[in-house]
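First residue of the sequence shown: 566, per the working numbering; consecutive thereafter. Backbone N, C-alpha and C fix where the C-beta goes; we use that ideal spot for every residue, glycine too. No experiment lies behind these values; they were computed from the predicted model shown.
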Amino acid sequence: MTPEEVGQRVVALLAPVEATASVSGGQSHARATVDVPVASWVDALRAARDDAELACDFFDWLSAVDELATGFDVVVHLWSTTRRHGVLLRTRVPRESPTVASVVDLWPGAAWHERETHEMFGIDFAGHPKLAPLLLPPEFEGHPLRKEFVLASRVAKPWPGAKEPGESEAGGGRRPIGPPGVPAPGEWGTTPTPAGAAGVGEGPRGGTPARPARERPARPAPGTRPARTPRAAAPGDGPAPAAGPAAGDGPAPRDEEGTA
Numbered sequence: 566m567t568p569e570e571v572g573q574r575v576v577a578l579l580a581p582v583e584a585t586a587s588v589s590g591g592q593s594h595a596r597a598t599v600d601v602p603v604a605s606w607v608d609a610l611r612a613a614r615d616d617a618e619l620a621c622d623f624f625d626w627l628s629a630v631d632e633l634a635t636g637f638d639v640v641v642h643l644w645s646t647t648r649r650h651g652v653l654l655r656t657r658v659p660r661e662s663p664t665v666a667s668v669v670d671l672w673p674g675a676a677w678h679e680r681e682t683h684e685m686f687g688i689d690f691a692g693h694p695k696l697a698p699l700l701l702p703p704e705f706e707g708h709p710l711r712k713e714f715v716l717a718s719r720v721a722k723p724w725p726g727a728k729e730p731g732e733s734e735a736g737g738g739r740r741p742i743g744p745p746g747v748p749a750p751g752e753w754g755t756t757p758t759p760a761g762a763a764g765v766g767e768g769p770r771g772g773t774p775a776r777p778a779r780e781r782p783a784r785p786a787p788g789t790r791p792a793r794t795p796r797a798a799a800p801g802d803g804p805a806p807a808a809g810p811a812a813g814d815g816p817a818p819r820d821e822e823g824t825a
């Protein structure tokens with residue numbers, strides 16, 4: 566089944582409940598996404614598991630997304646080991662009272678995921694056997710994955726990078742550091758040189774390259790050898806020997822008596 570067919574099948578199984586099907590991702594990562602009301606959360610997961618055409622028999626993961634004033638999106642991903650397709654089921658809970666029914670009775674493996682989501686987002690899962698802390702110490706206050714949560718380390722030490730809502734307003738004195746092996750702007754090719762960066766000039770949009778290319782000497786033609794540079798005579802060396810005839814220059818000239 567294609568992602569579109571999977572989403573339409575879930576909507577048909579939940580009728581007359583109002584559910585909305587869409588496709589998230591793209592190409593081989595495309596997944597059917599179905600938004601369902603909170604009251605139909607358990608029914609949607611049961612339908613995806615028990616329907617013969619969907620046969621989503623594998624519980625993959627469950628988490629949440631903070632949508633600020635509109636609430637929290639609780640998201641679960643199911644997979645079919647026989648049909649080789651998946652489906653994302655999503656429901657939205659209000660921020661004032663974020664509560665959704667637990668699906669541990671359907672998927673025992675969801676217990677760990679619901680505990681983590683409860684701890685990180687403050688969402689209650691009604692019917693869960695024990696929403697005990699999972700990752701944080703018992704004395705920890707707040708929910709770290711909520712967008713209004715301010716990290717204490719950012720308050721104690723200003724963050725030198727780009728600021729996000731809730732981070733420290735103090736500016737940093739360090740300049741951004743690029744990944745190892747990546748040249749800085751203005752040091753590679755004809756990229757523009759920003760103000761204050763290393764390099765001179767502008768780039769391909771009206772100027773000279775920031776780093777001009779070095780000229781290399783021309784290579785000698787094949788089969789030829791470059792001339793050797795004579796070595797300077799060191800102090801105490803005797804007179805240089807007379808240069809004899811070079812090999813291949815022919816016989817030496819004779820004098821008037823016929824001797825060489």
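Within the DSSP bridge table, the entry for serine 589 names Arg596 as partners. Shown here, glycine 572 sits in a helix according to DSSP, grouped into three states. Per the DSSP secondary-structure output, arginine 657 pairs in a beta bridge with Asp638.
Uninterrupted beta strand (DSSP E) stretches at least 3 residues long and entirely within the region 646-698 occur at 651-658, 664-666, 689-691, given in chain order. Scanning its chain for C-beta atoms nearer than 8 Å, with the 5 sequence neighbours on each side dropped, one finds around arginine 657 the residues Asp600, Val603, Glu632, Thr635, Gly636, Phe637, Asp638, Val639, in chain order.
Across the structure, glycine 687 and proline 568 are spaced so that their CA atoms are roughly 31 Å apart. For the pair alanine 613 and glutamate 570, the CB atoms are not nearer than the 9 Å cut-off. Here the alpha carbons of arginine 611 and serine 667 stand approximately 12 Å from one another. Between arginine 660 and valine 641, the C-beta gap is not smaller than 9 Å, which leaves the two residues out of contact.
For alanine 676, same chain residues with a beta-carbon under 6 Å away, outside a window of 5 residues either side, are Val669 in chain order.
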